Amino acid sequence: MVVTLDGEILSTGTPLVHADDLAVVRGDGVFETLLVREGGACLVEAHLQRLTHSSKLIDLPEPDLVKWRCAIDRAAHHWAAVTAAEGAMRLIYSRGRESGSAPTAYVMVNPLPERVAAARRDGVAAITLDRGVSATGTGAMPWLLAGAKTLSYAVNMAALRHAARQGAGDVIFVSSDGYILEGPRSTVVIAADVGGAVGLLTPPPWYPILRGTTQQALFQVARAKGYDCDYRSLRVADLFAAQGVWLISAMTLAARVHTLDGRPLRRSPMAAEFAELVDAAIVSDR
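In our numbering, the protein residues as written are 152 to 437.
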């Protein structure tokens with residue numbers, strides 16, 4: 152189902168986007184993906200903040216957050232009236248038509264992909280791939296759009312197809328100077344010894360990565376439970392030495408990496424608790 156910013160509810164089969172929309176012909180736009188759970192969208196304000204940030208980075212008009220909130224709420228309630236199942240909500244915001252128009256904006260909710268349940272339950276095998284950029288220095292190159300969640304996802308999807316050909320289900324990008332960055336659609340979080348106790352670590356947000364909404368909520372919840380959570384420069388060796396490696400995102404929530412580059416990783420002693428922390432984090436704004 153689709154909800155426009157003026158509140159109209161449409162089926163996904165209803166024509167909506169023009170053939171010359173720049174989302175289609177250039178991938179010129181931004182988006183967000185939210186989980187719909189128990190009748191509501193999760194971490195709405197965090198996702199709207201990131202949508203606004205991404206829009207600024209690609210010079211789109213500032214989103215009308217009042218209209219977006221109304222459309223999100225309407226879409227979530229309509230979805231919940233039809234099914235009790237979780238949903239995948241996408242916020243789509245493009246530059247509009249190539250021939251000239253106002254931006255294109257709408258909210259869409261679909262069933263969760265089948266891969267999500269399997270990744271939550273079984274974890275994933277992942278491979279590391281060189282992203283071709285260094286961990287620092289991209290701030291001087293704003294045209295690379297580091298930190299923007301754009302519709303231009305061809306490289307990310309190509310990386311996932313490459314992983315599938317290698318028998319893996321996901322990817323962890325590494326910088327050209329050897330530092331862990333992120334997944335094509337996820338944030339990397341590891342459990343490691345931090346000052347003599349188990350803590351949670353993730354790559355620094357000043358790297359050329361997307362700031363994870365789920366990761367930020369997770370750190371807030373985990374800190375309240377007494378965990379030390381921090382941003383650290385990590386290398387592949389740190390993942391092999393970790394007490395747990397996860398790819399976390401709004402849809403999959405927590406996918407434990409059980410195999411990396413063909414090598415089994417140790418089973419985390421906090422695997423069950425980590426999943427509980429992420430479950431609490433995803434609804435922490437309610």
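Here a beta-carbon is modelled for each residue, glycine too, at the ideal position from N, C-alpha and C. Quick caveat, the model's predicted, so the values are computed rather than measured.
DSSP on residue i, reduced to helix/strand/coil?
i: H169; result: coil
i: A277; result: strand
i: W230; result: helix
i: D224; result: helix
i: T403; result: coil
i: W397; result: strand
i: T155; result: strand
i: D344; result: strand
i: I243; result: strand
i: L208; result: helix
i: D389; result: helix
i: G191; result: strand
i: L296; result: coil
i: S308; result: Position check: residue 308 holds Met in this sequence, whereas Ser was assumed. M308: helix per DSSP, three-state reduction.
i: G320; result: coil
i: T289; result: helix
i: R414; result: strand
i: A314; result: helix
i: E265; result: helix
i: A236; result: coil
i: R282; result: coil
i: T203; result: helix
i: A256; result: strand
i: R374; result: helix
I believe residue i touches residue j by the beta-carbon criterion, under 8 Å. Please report the beta-carbon distance rounded to the nearest angstrom.
i: L167; j: E183; result: About 18 Å separates the two Cβ atoms, so there is no contact after all.
i: I243; j: G180; result: 7 Å
i: A348; j: A393; result: A348 to A393, Cβ: 14 Å. No contact.
i: S327; j: D281; result: 6 Å
i: A426; j: A401; result: Between A401 and A426 the Cβ distance is about 15 Å, and since that is not below 8 Å, they are no contact.
i: I439; j: V429; result: The chain is shown from 152 up to 437; residue 439 falls before or after that span and cannot be answered.
i: L173; j: E249; result: 6 Å
i: R246; j: L211; result: 6 Å
i: G158; j: C221; result: 7 Å
At least one CB of chain C closer than 8 Å to the CB of residue i: is that the case?
i: H313; result: The structure shown contains no chain C; it is built from a single protein chain.
To the nearest angstrom, report how far apart residue i and residue j are at their CA atoms.
i: A192; j: H198; result: 10 Å
i: A277; j: G251; result: 42 Å
i: L268; j: A253; result: The identity of residue 268 in the sequence shown is Ala, whereas the question assumes Leu. A268 and A253: Cα-Cα distance of roughly 38 Å.
i: V396; j: L185; result: 23 Å
i: R225; j: E196; result: 16 Å
i: A373; j: G190; result: 25 Å
i: R336; j: V275; result: 13 Å
i: I341; j: E424; result: 13 Å
i: R414; j: T279; result: 12 Å
i: A422; j: A309; result: 30 Å
i: R383; j: D436; result: 26 Å
i: L411; j: W294; result: 32 Å
i: P355; j: L385; result: 9 Å
i: V408; j: L416; result: 7 Å
i: L161; j: A375; result: 41 Å
i: A388; j: Q200; result: 34 Å
Which one or two residues does DSSP pair with residue i in a beta bridge?
i: C380; result: L351
i: G330; result: It should be pointed out that residue 330 corresponds to Tyr in this sequence rather than to Gly. DSSP lists no partner for Y330.
i: T364; result: Partner(s): none; T364 has no beta bridge.
i: V175; result: In the DSSP output, where bridge partners are listed per residue, V175 has none listed.
i: R437; result: For R437, which the question treats as bridged, DSSP gives no partner whatsoever.
i: R271; result: Partner(s): none; R271 has no beta bridge.
i: T184; result: R241
Contact the stretch 365-375 vs the stretch 311-325: 3+ CB pairs below 8 Å: Here the stretch 365-375 makes no contact with the stretch 311-325; the two share fewer than three CB pairs at distances below 8 Å.
Meets three-Cβ-pair contact criterion under 8 Å: the stretch 295-309 and the stretch 348-362: Touching, yes, given that three or more Cβ pairs across the two stretches are closer than 8 Å.
Decide yes or no for the touch test of the stretch 231-246 against the stretch 330-339: beta carbon pairs closer than 8 Å, at least 3 of them. Short answer: they don't touch.
Could you tell me whether the stretch 256-264 touches the stretch 154-168, using the rule of 3 or more Cβ pairs below 8 Å? Between the stretch 256-264 and the stretch 154-168 there are three or more inter-stretch CB-CB distances shorter than 8 Å, so the stretches are counted as touching.
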